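Student: Residue numbers (full-length UniProt numbering): 1 to 321.
Quick reminder that beta carbons are idealized off the backbone N, C-alpha and C, glycines included.
The structure presented is a predicted model; accordingly, all values stated were derived computationally and were not measured.
Please read through the structure below; I'll follow up with questions.
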């Protein structure tokens, strides 16, 4: 049975408001949650970017939801620090936390002042980071001299069972590579054929664990409002790789998205005021084989979305299964 959760977008919503929304989401019937981990938003209009790791402690304490985070070890974060953060949350909230690991985006990673490596080097660096994080969570003493350097690191606080490490991917090639090490896969909504290929690439390469989907959507009482929300908040996010990986600053995203149309936004966001249409979209993702679907309403006021989808969408999705 597909589990439906909610996505908490730190780039768009102040952390206290986002925490209030997660408490409301649990009451409304969402069973799980995930969040982003960015240093910068994608647009001046979004205007936020709180520190995900401190917020996660509060969110796990304030709710009974499971939480995950999509993060990028290797440049902004040393992998030993990521392992310590994962280990601490896993020890405090057993069985309720997971982390998805990806190769990162320059808009977050440039802050360290280091060069931005080519994609194949970033992928190799991520693979080294995964091994470091796993070894530390397993209680090993770790020293490495490679794309990442670790000197005699050991985690002194660890959970009894290490939290799952999920692979974050948007291409079939990356999905297949994740199968070598990941406890599951997460991707974002795309045309059905591509999503089907993503699942197949992961499973055929031996990928284990749940396959998860983050769905960008925009809902409002009228179609015009839903379109306006999506266009205002998410038009900087219509660009796929390498643009989304390699742009540096918020101002760059705003410049390149200046002439993006509503129709272009619709290619990456499910936009509709019709709840039945949203139900059909979400049922379609479940039919593809996704085990978890995380709903990301791209607006900055989550409470009307949470109330409406909790009362009128989630019950239909559960009944259909």
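#1: Taking 8 Å as the threshold (C-beta atoms), are residue 104 and residue 122 in contact?
#2: What residue range does the beta strand (DSSP E) around residue 154 cover?
#3: Take residue 242 as the anchor and find which of 196, 140, 253 and 44 has the nearest alpha-carbon.
#4: How about residue 4 and residue 314: do their beta carbons lie closer than 8 Å?
#5: Could you check how far apart the C-beta atoms of residue 53 and residue 19 are, in whole angstroms? I think they sit under 8 Å.
#6: Which stretch, first to last residue, makes up the beta strand (DSSP E) that contains residue 145?
#7: Out of 27, 28, 35 and 1, state which residue places its alpha-carbon closest to the alpha-carbon of residue 13.
#8: Just to confirm my understanding: we take residue 328, look at its own chain, exclude 5 residues before and 5 after, and list those with CB closer than 6 Å. What are they?
#9: Taking the Cβ atom as the reference point for each residue, do residue 199 and residue 211 lie within a distance shorter than 8 Å?
#10: Hey, how far is the Cα of residue 112 from the Cα of residue 74?
#11: Buried or exposed, going by whether 16 or more other CB atoms sit within 10 Å of the CB of residue 224?
#12: Identify the continuous alpha helix (DSSP H) that holds residue 285 and give its terminal residues.
#13: For residue 183, count the other beta carbons within 10 Å of its own beta carbon; 16 or more makes it buried, fewer makes it exposed. Which is it?
#14: Among all the DSSP beta bridges, which residues are the ones paired with residue 214?
#15: Give me the Cα-Cα distance between residue 185 and residue 204, rounded to the nearest whole angstrom.
#16: Quick one: what's residue 97 bridged to in DSSP?
#17: Looking only at its chain, what residues have a beta carbon closer than 8 Å to the beta carbon of residue 60, apart from the 5 residues adjacent to it on each side?
#18: In three-state DSSP terms, what is residue 7?
#19: Do you know offhand how far residue 158's Cα is from residue 277's?
#20: Is residue 247 closer than 8 Å to residue 168 when the C-beta atoms are compared?
#21: Express the C-alpha separation of residue 299 and residue 50 in angstroms, rounding to a whole number.
#22: Determine the direct distance from the alpha carbon of residue 141 to that of residue 28, and round the result to whole angstroms.
#23: Measure from the alpha carbon of residue 137 to the alpha carbon of each residue in 156, 108 and 143, then state which is nearest.
#24: As a quick exercise: from 283, 195, 232 and 215, pick the residue whose alpha carbon is nearest that of residue 7.
#25: With a threshold of 16 other CB atoms inside 10 Å of the CB of residue 193, please say whether the residue is buried or exposed.
#26: Suppose you measure from the CA of residue 180 to the CA of residue 202; what does that come to, to the nearest Å?
#27: I need the straight-line Cα distance from residue 24 to residue 9, nearest angstrom please.
#28: First and last residue of the alpha helix (DSSP H) that includes residue 247?
#29: Identify the continuous beta strand (DSSP E) that holds residue 168 and give its terminal residues.
#30: In whole angstroms, what separates the C-alpha of residue 15 from that of residue 289?
#31: On a Cα-Cα basis, can you pick out the residue from 266, 147, 207 and 170 that is closest to residue 195?
#32: How long is the line joining the alpha carbons of residue 304 and residue 174, rounded to whole angstroms?
Tutor: A quick look at the data gives this:
#1: In contact: residue 122 and residue 104 (Cβ atoms closer than 8 Å).
#2: Premise fails: residue 154 is in no beta strand (DSSP E) and is neither H nor E.
#3: Of all alpha-carbon atoms in 196, 140, 253 and 44, the one lying nearest the alpha-carbon of residue 242 is that of 253.
#4: yes
#5: Residue 53 to residue 19, Cβ: 14 Å. No contact.
#6: 142-145
#7: 35
#8: The displayed coordinates of the chain run from 1 to 321. Any statement about residue 328 would go beyond what the structure contains.
#9: yes
#10: 11 Å
#11: exposed
#12: Residue 285 -> alpha helix (DSSP H) spans 275-288.
#13: buried
#14: Answer is 188 and 294.
#15: Near 13 Å, if we compare the C-alpha coordinates of residue 204 and residue 185.
#16: 67
#17: 67, 89, 92, 93, 96 and 97
#18: strand
#19: 44 Å
#20: Result no, Cβ atoms of residue 168 and residue 247 do not sit closer than 8 Å.
#21: 17 Å
#22: 44 Å
#23: 156
#24: Checked all of 283, 195, 232 and 215; the closest Cα to residue 7 is 215.
#25: exposed
#26: 9 Å
#27: 15 Å
#28: No alpha helix (DSSP H) holds residue 247; DSSP gives it neither H nor E.
#29: Unbroken beta strand (DSSP E) run through residue 168: 165-168.
#30: 32 Å
#31: 170
#32: 36 Å
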